[in-house]
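Peer 1: Going down the list, the protein sequences come from chains F and Z.
FYI, the numbering for the first sequence is 427 to 551, going by our numbering.
FYI, the numbering for the second sequence is 3 to 419, going by our numbering.
Note that CB positions come from ideal geometry on N, CA and C, so glycine has one too.
One structure, as structure tokens, below. Some questions next.
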Amino acid sequence: MSTKEFTCVVCPNGCPIVVNIDDDETPVITHIEGSTCKKGEEWVHQEIENPMRTISSSVVVTGGDCILASVRTNRPIPLGRIMKVMEEIKQVTVIAPLAIGDVVLRNPAGCDTEIVATRSVAKAQ
Amino acid sequence: MSIKTIHRDVVVIGGGPAGLAAAIAASEAGCKDVLLIERDRILGGILNQCIHDGFGLHEFKEALSGPEYAARFINRLPGLGIEVMTGTIVLSLSPERILEVSTRGAIQYIQAGAVVLAMGCRERTRGAISIPGQRPSGVYTAGAAQNFINMENIMVGKNVCILGSGDIGLIMARRMTLEGAHVEAVFEILPYSSGLPRNIQQCLNDYNIPLFLNTTVTEIRGNGRLEGVKVAQVGKDRAPIPETERYIPCDTLLLSVGLIPENELTRDAGVAMDPITGGALVDDTFMTSVPGIFSCGNVLHVHDLADWVSVEARDAGRFAAAYVHEKREASRQRITIKEGDGVRYVLPQSVSGERDFILSLRVTAPWRNRAVVVRSGDKKVRRKKIVRLHPAEMIRINIGKDALAAAGGSSLEVSVE
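Below is the structure:
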């Protein structure tokens, strides 16, 4: 059995979570302490199995009242795929107008997520 | 030619998270004559460049990016009939609440019934912490680099060192990495990080970026462009230990070394200031020492979460509207609040005793399993147990007026036990 410490990234509380894990072929969590909410427990299970993260970046906009639109994943992606997803985001150019929530890229690097705009961009005057 | 003077009931200075929430709250409290002034060409303030998520967990129960969080507020302004002046700078503010404002091509005066100060804060620079060395390009405050990258599509460098482990520095370590830069390390002069624990995890650990505590930059080198920095461990007195000094080649140094409330206008108006927070002294309505001038958000004291800025600003906006409508005088009764052991500052610094209020405070050092205790003389008003106390995390405690009345007295002391 091993003990692992995690810092939960679900919310700004950043709870320290201590987990005892049985080291068989598939880890079985035998004990968790420190997570102050259900989401933290769910998160730590996921973190042991396959860490997932959301990321934010921006894409170039043409014909808009600003030159960049901020974007983010609308579902978490595997930590190990972040740089591949970023490579695909960097290739994207969108044409104004753009509204918050508009999908600018689907399933980057094969991930089950969409890259959505987090800023509205109006057409240039 | 005379400069014209216009009248507005409530004037909010600053269109960031504080100003937006204050203007909306003033309007919702029944004030139909609210003016929001912003110097940038768009509303939202610093939220516009904070494209990472984590905003709104308290306000909206979901994780939003900064621009989305701002949009939730901005979208409500037209429906409430709130007047907005963007691209407008307030040049001066008098104790009589006369604002001198400059828009492109015009200067005008505004007589305000009440003013809400919501100008936010700015970053400490290299000059403020006096790093020795040459003066090459490539040394940026973390927020300036964030603006270049997220707003202007300008990448600021390739090999990066970051001084200061505040949240902006940590966020930028990740952002620079995602944009293809190599982040060498983050250096923090204190024995602990001043950023949120989750940002240590998701911005540094996730990308194998080391964090060196008790370490600072001792020299900046470079002709034209930054070529490298010298770093050294510091002793208990925070003085660098020469034998630990080492040289790290890099072309970019980001500084995340603290924020300063931007209070030039506040001082202009003769408002009494708190030397610790760098903001105004306020009462339980967020009114300053000058009647009718209110303060909230990062211009009052630097927050770690935008959500708490919104909550605080909403109160300030509501009380500003009430001041205009009720011509409310400052309460005669005053209970002053002072910092005791383990507490760096408290806010508000005085209360009326007439209403419940939220006490905001920061502690002086990290602790575990302590209690924050509010006392009037030897009588206990409130005691709150807290598992993790950290100087980087603001603590908010609600204090009931009944508990205050039961304890009596004219001053409170807040301490960590």
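1) DSSP on Phe57(Z), reduced to helix/strand/coil?
2) Comparing the C-beta of Leu494(F) with each C-beta of chain Z, is any distance below 8 Å?
3) Is any beta-carbon of chain Z found at less than 8 Å from that of Leu531(F)?
4) Could you pull out every unbroken alpha helix (DSSP H) segment of at least 4 residues lying fully inside the segment 314–393 of chain Z, listed in chain order?
5) Any beta-carbon of chain F closer than 8 Å to the one on Gly56(Z)?
6) Which of the three DSSP states is assigned to Lys430(F) in this structure?
7) Does Met509(F) pass the burial test, meaning 16 or more other C-beta atoms within 10 Å, or should it be called exposed?
8) Please give me, in chain order, every unbroken run of the beta strand (DSSP E) with length at least 3 that falls completely inside the segment 446–527 of chain F.
9) Rounded to whole angstroms, how far is the Cβ of Val365(Z) from the Cβ of Arg346(Z), which I believe are closer than 8 Å?
10) Does the separation of the CB atoms of Val273(Z) and Val292(Z) fall below 8 Å?
11) Is the beta carbon of Arg398(Z) sitting closer than 8 Å to the one on Ile360(Z)?
12) With a threshold of 7 Å on Cβ separation, who are the neighbours of Arg372(Z) within its own chain once the five nearest residues in sequence on each side are excluded?
13) With 16 other CB atoms within 10 Å as the buried threshold, where does Val454(F) fall?
14) Residues of chain F with CB under 7 Å from Gln203(Z), in chain order?
15) Assuming Val301(Z) contacts Ala116(Z) (C-beta within less than 8 Å), just tell me the rounded distance between them.
16) Report all residues from its chain with a CB closer than 6 Å to the CB of Asp42(Z); omit the five preceding and five following residues, and keep chain order.
17) Do Leu213(Z) and Ser167(Z) have their CB atoms nearer than 8 Å?
18) Could you check whether Thr544(F) and Glu70(Z) sit closer than 8 Å to each other, using their CB atoms as the reference points?
19) Taking Cβ positions, are Gly17(Z) and Leu38(Z) nearer each other than 8 Å?
20) Quick check on Thr519(F) - is its C-beta less than 8 Å from some C-beta in chain Z?
21) I need the straight-line Cα distance from Ala367(Z) to Asn446(F), nearest angstrom please.
22) Using a beta-carbon distance below 8 Å, is Ile455(F) in contact with chain Z?
23) Could you tell me the distance, in whole angstroms, from the CA atom of Thr429(F) to the CA atom of Leu261(Z)?
24) So with CB distances below 7 Å, who are the chain F contacts of Pro393(Z)?
25) Can you give, in chain order, each stretch of the beta strand (DSSP E) that sits fully within the segment 113–181 of chain Z and has at least 3 residues?
26) Determine whether the beta carbon atoms of Asp317(Z) and Leu59(Z) lie at a separation below 8 Å.
27) Under a CB-based cut-off of 8 Å, is Asp208(Z) close to chain F?
28) What residue does the alpha helix (DSSP H) around Arg74(Z) start on, and which one ends it?
29) Within 10 angstroms of the Cβ of Tyr424(Z), are there 16 or more other Cβ atoms? Answer buried if so, exposed if not.
30) Thinking just about the alpha-carbon of each residue, which of Lys34(Z), Ala23(Z), Ala27(Z) and Ala65(Z) is nearest to the one in Gly47(Z)?
31) Starting from the Cα of Ser413(Z), find the closest Cα among Lys381(Z), Leu45(Z) and Arg126(Z) and give me that residue.
32) Output needed in chain order: residues of the segment 51–83 of chain Z with a Cβ under 7 Å from some Cβ in chain B.
33) Buried or exposed: where does Asn400(Z) fall if 16 or more other Cβ atoms within 10 Å of its Cβ makes it buried?
34) In the structure shown, what three-state DSSP assignment does Glu247(Z) receive?
35) Specify, as a first and last residue, the run of the beta strand (DSSP E) that Pro263(Z) falls within.
36) Measuring CA to CA, which of Cys441(F), Gly440(F) and Asn500(F) is closest to Cys537(F)?
Peer 2: Short version:
1) Position 55 of the second sequence holds residue 57(Z). Here Phe57(Z) sits in strand by DSSP.
2) Here the question's residue 494(F) lines up with position 68 in the first sequence. Yes - at least one Cβ of chain Z is within 8 Å of the one on Leu494(F).
3) On the first sequence, residue 531(F) is found 105 positions in, with the first residue counted as 1. Leu531(F) does not count as touching chain Z.
4) Note on the segment 314–393 of chain Z: there is no whole alpha helix (DSSP H) run with a minimum of 4 residues.
5) Taking the first residue of the second sequence as 1, we reach residue 56(Z) at position 54. The Cβ of Gly56(Z) sits closer than 8 Å to at least one Cβ of chain F.
6) Your numbering for residue 430(F) matches position 4 in the first sequence. Strand, per DSSP.
7) On the first sequence, position 83 is the one that residue 509(F) refers to. Under this definition Met509(F) is an exposed residue.
8) Whole beta strand (DSSP E) segments, 3+ residues: 454–459, 482–488, 494–499 and 519–521.
9) Start at 1 with the first residue of the second sequence, and residue 365(Z) comes out as number 363. Start at 1 with the first residue of the second sequence, and residue 346(Z) comes out as number 344. Taking C-beta atoms under 8 Å as the contact rule, Val365(Z) and Arg346(Z) qualify, at a distance of about 6 Å.
10) As a first step, residue 273(Z) is located in the second sequence; it is residue number 271 there, counting from the start. As a first step, residue 292(Z) is located in the second sequence; it is residue number 290 there, counting from the start. Cβ atoms of Val273(Z) and Val292(Z): closer than 8 Å.
11) Here residue 398(Z) is taken as the residue at index 396 of the second sequence, counted from 1. Here residue 360(Z) is taken as the residue at index 358 of the second sequence, counted from 1. One thing to note: Arg398(Z) has its Cβ within 8 Å of the Cβ of Ile360(Z).
12) Locating residue 372(Z) in the second sequence gives position 370, where the first residue counts as 1. Here the set comprises Ile388, Leu391, Val418 and Glu419.
13) The residue given as residue 454(F) occupies position 28 in the first sequence. In this structure Val454(F) is exposed. Its beta-carbon is surrounded by fewer than 16 other beta-carbon atoms within 10 angstroms.
14) Here residue 203(Z) refers to the residue found at position 201 of the second sequence. Using a Cβ-Cβ cut-off of 7 Å, Gln203(Z) is close to Thr433 and Val435 of chain F, given in chain order.
15) Start at 1 with the first residue of the second sequence, and residue 301(Z) comes out as number 299. Start at 1 with the first residue of the second sequence, and residue 116(Z) comes out as number 114. Contact check for Val301(Z) and Ala116(Z): beta-carbon distance about 16 Å, past the 8 Å limit, so the pair fails to qualify.
16) Counting from one through the second sequence, the residue named residue 42(Z) turns up at place 40. Exclusion of the five residues before and after Asp42(Z) leaves no residue of its chain whose Cβ lies closer than 6 Å to its Cβ.
17) Here residue 213(Z) refers to the residue found at position 211 of the second sequence. Here residue 167(Z) refers to the residue found at position 165 of the second sequence. Taking 8 Å as the Cβ cut-off, Leu213(Z) and Ser167(Z) qualify as a contacting pair.
18) Here the question's residue 70(Z) lines up with position 68 in the second sequence. Here the question's residue 544(F) lines up with position 118 in the first sequence. Yes.
19) Looking up residue 17(Z) in the second sequence gives position 15. Looking up residue 38(Z) in the second sequence gives position 36. Less than 8 Å divides the Cβ of Gly17(Z) from the Cβ of Leu38(Z).
20) Sequence index remark: in the first sequence, residue 519(F) carries index 93 (1-based). Contacts with chain Z at 8 Å (Cβ-Cβ) do not include Thr519(F).
21) Taking the first residue of the second sequence as position 1, residue 367(Z) is located at position 365. Taking the first residue of the first sequence as position 1, residue 446(F) is located at position 20. Looking at the two C-alpha atoms, the distance is approximately 30 Å.
22) Working through the first sequence from its first residue, we reach residue 455(F) at position 29. False, the Cβ-Cβ gap to chain Z never drops below 8 Å.
23) One-based indexing of the first sequence puts residue 429(F) at position 3. One-based indexing of the second sequence puts residue 261(Z) at position 259. Computed Cα separation, rounded: 38 Å.
24) By one-based count along the second sequence, residue 393(Z) stands at place 391. For Pro393(Z), there are no neighbours in chain F by C-beta distance under 7 Å, as the nearest C-beta there is about 15 Å away.
25) Within the segment 113–181 of chain Z, the complete beta strand (DSSP E) runs of at least 3 residues are 123–125, 141–143 and 161–165.
26) Position 315 of the second sequence, counted from the first residue, corresponds to residue 317(Z). Position 57 of the second sequence, counted from the first residue, corresponds to residue 59(Z). Contact: no.
27) Position 206 of the second sequence, counting from 1, holds the residue named residue 208(Z). Residue-level contact check: Asp208(Z) touches chain F, since one or more beta carbons of chain F fall below 8 Å from its beta carbon.
28) The sequence position of residue 74(Z) within the second sequence is 72, counting from 1. Start and end: Gly68 to Ile76.
29) Given a span of 3 to 419 for chain Z in the structure shown, any question on residue 424(Z) remains unanswerable.
30) Here residue 47(Z) refers to the residue found at position 45 of the second sequence. Closest by alpha carbon: Ala23(Z).
31) Residue mapping note: residue 413(Z) aligns to position 411 of the second sequence, counting from 1. The shortest CA-to-CA distance from Ser413(Z) to any of Lys381(Z), Leu45(Z) and Arg126(Z) is the one to Lys381(Z).
32) Here chain B cannot be found, since the structure's protein chains are F and Z.
33) Position 398 of the second sequence, counted from the first residue, corresponds to residue 400(Z). Per the 10 Å Cβ criterion, exposed.
34) What you label residue 247(Z) is simply residue 245 of the second sequence in a count that begins at 1. Looking at Glu247(Z) - three-state DSSP - the assignment turns out to be coil, as it is neither helix nor strand.
35) Stepping through the second sequence from its first residue, residue 263(Z) is reached at position 261. Counting along the chain, the beta strand (DSSP E) containing Pro263(Z) begins and ends at Leu261 to Pro263.
36) Here residue 537(F) refers to the residue found at position 111 of the first sequence. Selected option, being the one with the closest Cα: Asn500(F).
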